[in-house]
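Data first, discussion second: the structure below is written as structure tokens.
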Amino acid sequence: MYYSLKPEYLLRGWEGMAWVLVRRPENQIMTLSREMFQTLLLCDGETELSASSLDDETLDALREAEEKGFIQPCETPQPLAEDQYYQYYKNRYVSKVFWSVTGRCNFRCRHCYMDAPDGMLGELSTEEAFDLIDQMAECGVLWVDITGGEPLVRKDIWQLIDRILSHHMVIRNFSTNGWLLNDAVLDEFERRGLHPSFAISFDGVGWHDWMRGRKGAEEDALRAMQLCHSRGYQVSVGMCVHRGNVDSIPATVEALRAAGIEYIKTSNVDPTDLWNAHSEGNGMTREEYIQAMLPYIEWYYKSGRPIKQLEFGGMVRMRQDAPGELSVHCYDGTESCLDNYLCGAVRWSCYITPDGRLLPCMPMTASPKQELFPKVQQIGLRQGLSSSYYMQFVNGRIRDLLAANAECAGCDYKYKCGGGCRASALAIDQNPMGCDRQMCMFWKNEYDARIRQAIEDAQAKWGKTEK
């Protein structure tokens, strides 16, 4: 009897994660035990397997693999497709690349990380972009999420998407301002068998045009959301909150709910150079933002939880079908956190700027210190994901931060905070191992306890969580 992997499965491995089963077309992964991995290696459709020739562990793994639908028996040899055979990538595993395909934009947002209207970071040529995509595939990248600038201003955007798909990488999320999003664009996605979720910003009823620097942006964003909803696409919305639009949240939630939106996340506007120059006095400190948002916790419950999920970034996540919870990452207050990575979120993903720089996350483009990190054109993506300043940073632990930062090391909250956000530290202190001043304020003023109390009071007063 022969056994072969079913056509949708392939075997992969990376440094530090060598035994992985990938299922297409979604590119879902499953880490394997040594026994299961070795057994699946035998299921190549060409190796004859018999009970008498296999040990008990392998037989058990074979039965389990068949029960789970990973493999299929075959009476005669049936070789696997070429890309199903085991491939090992000599770099760190990255499931997702978040890629700004351009630094250009058709809006003039007042807070842009990269001053997109003027194309400060430019964009790679088509051939350079193709080469980058090919390097992603050579590093075993499974998902590519696309953003900008505004990605739809690239005339070759469909060429780039086709190149990504040619390597069986999946586009799961597409960020856009919505201005150029229409039926024809959705038709192109569907023609390729793609059904990504969309991320569209909306900065408050009566305020979106002002924030985005284009008349009609608010109306068009709502139009794009309604269009996506009508055609079965999920849309998540981010709202930048400032002094001017904070009172518009109830009207904004209602307008977005009417457009079919179920997920909204607010955030304080990061103090980029552009925002500091063009906020017209509407900038808020992190503490002012928290104070302004606290009353809206009760509002959400009092209003009958009008939307499926409403998250106040860096504070609380509230849902219709689950209890509210603190959304600030925190540790248990003991030394057990010391071996944790400085940022768990960037362990499985990376960000690539319009000009090809490899960064842990998009907010780091707001700092001139981003130049510490390499460009893919200079060292190659594989080296960037193997031995570079980027990897030194990504592999950093909380104990490394405390060793380098005496202020954090002497803080009473260090074992809860873990040093906070490195992008925030880089933006404020211009030091990747500096203090995240926003989190210093958060913990020292015990906002974690205040937020939890506000959640408990609102849930007790306005009804229990629906099941």
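Residues in the sequence shown are numbered consecutively from 1001, following my numbering. Cβ coordinates follow ideal geometry from the N, Cα and C atoms, glycine included.
Secondary structure of residue 1114, DSSP reduced to three states
coil
Am I right that residue 1096 and residue 1382 are in contact with their C-beta atoms under 8 Å? What's the rounded C-beta distance?
Actually they are not in contact, since the Cβ atoms of residue 1096 and residue 1382 sit about 17 Å apart, beyond 8 Å.
Per DSSP, what kind of secondary structure is residue 1420 in: helix, strand or coil?
coil
Decide if residue 1355 is buried, meaning its Cβ has at least 16 other Cβ atoms within 10 Å, or exposed.
buried
Do you know whose CA, among 1290, 1200 and 1005, lies nearest residue 1065's CA?
1005
Is it true that the CB of residue 1217 sits closer than 8 Å to the CB of residue 1107?
yes
Can you determine whether any heavy atom of the ligand GTP sits closer than 7 Å to the C-beta of residue 1097, and answer yes or no?
Inclusion of the ligand GTP in the displayed structure is not the case, the ligand content being empty and no account of it being possible.
For residue 1022 versus residue 1034, is the C-beta spacing smaller than 8 Å?
no
Assign residue 1406 to one of three DSSP states: helix, strand, or coil.
Here residue 1406 sits in helix by DSSP.
Ordered along the chain, which non-local residues of its own chain (more than five positions away) have a Cβ less than 6 Å from that of residue 964?
The requested residue 964 does not occur in the structure, where the chain is confined to residues 1001 to 1467.
Selected residue, minimal CA-CA separation from residue 1036, among 1266, 1070, 1389 and 1049
1070
For residue 1344, is the classification buried or exposed, using 16 other Cβ atoms within 10 angstroms of its Cβ as the cut-off for buried?
Exposed is the call here.
Using only the alpha-carbon positions, how far apart do residue 1365 and residue 1120 sit?
It is roughly 11 Å from the alpha-carbon of residue 1365 to the alpha-carbon of residue 1120.
Does the region 1126-1136 come into contact with the region 1299-1310, if we say contact requires no fewer than three beta-carbon pairs (one atom in each stretch) closer than 8 Å?
no
By how many angstroms is the C-alpha of residue 1308 removed from the C-alpha of residue 1212?
26 Å
Please confirm whether residue 1390 and residue 1384 have their CB atoms less than 8 Å apart.
In terms of Cβ geometry, residue 1390 and residue 1384 form a close pair [threshold 8 Å].
Got a sec: is the Cβ-Cβ distance from residue 1103 to anything in chain D below 8 Å?
Structure shown: chain D not included; a single protein chain is present.
Helix, strand or coil at residue 1200 according to DSSP, with G and I counted as helix
strand
Thinking just about the alpha-carbon of each residue, which of 1318, 1440 and 1341 is nearest to the one in residue 1459?
Here the closest residue by C-alpha is 1318.
Could you say if the region 1052-1059 and the region 1071-1087 meet the contact criterion of at least three C-beta pairs nearer than 8 Å?
No: the two stretches stay apart, fewer than three of their Cβ pairs being nearer than 8 Å.
Take the Cβ of residue 1259 as the centre, count every other Cβ of all protein chains shown within 10 Å, and call the residue buried at 16 or more, exposed below.
buried
If we call anything under 8 Å between Cβ atoms a contact, is residue 1202 one with residue 1237?
yes
Look up residue 1231 in the DSSP assignment and say whether it is helix, strand or coil.
coil
Pick from 1288, 1456, 1359 and 1197 that is closest to residue 1146, judged by C-alpha positions
1197
Using a 10 Å radius around the Cβ and a threshold of 16 neighbouring Cβ atoms, would you call residue 1199 buried or exposed?
buried
Assuming residue 1074 contacts residue 1045 (C-beta within less than 8 Å), just tell me the rounded distance between them.
6 Å between Cβ atoms; contact.
Helix, strand or coil at residue 1249 according to DSSP, with G and I counted as helix
The three-state secondary structure of residue 1249, taken from DSSP, is helix.
Determine whether the beta carbon atoms of residue 1129 and residue 1152 lie at a separation below 8 Å.
The criterion of a C-beta distance shorter than 8 Å is not satisfied by residue 1129 and residue 1152.
Going by the beta-carbon positions, is the gap between residue 1251 and residue 1205 smaller than 8 Å?
yes
By a C-beta neighbour count over all protein chains shown, 10 Å radius and 16 as the cutoff for buried, is residue 1281 buried or exposed?
exposed
Three-state secondary structure (DSSP) of residue 1075
Here residue 1075 sits in coil by DSSP.
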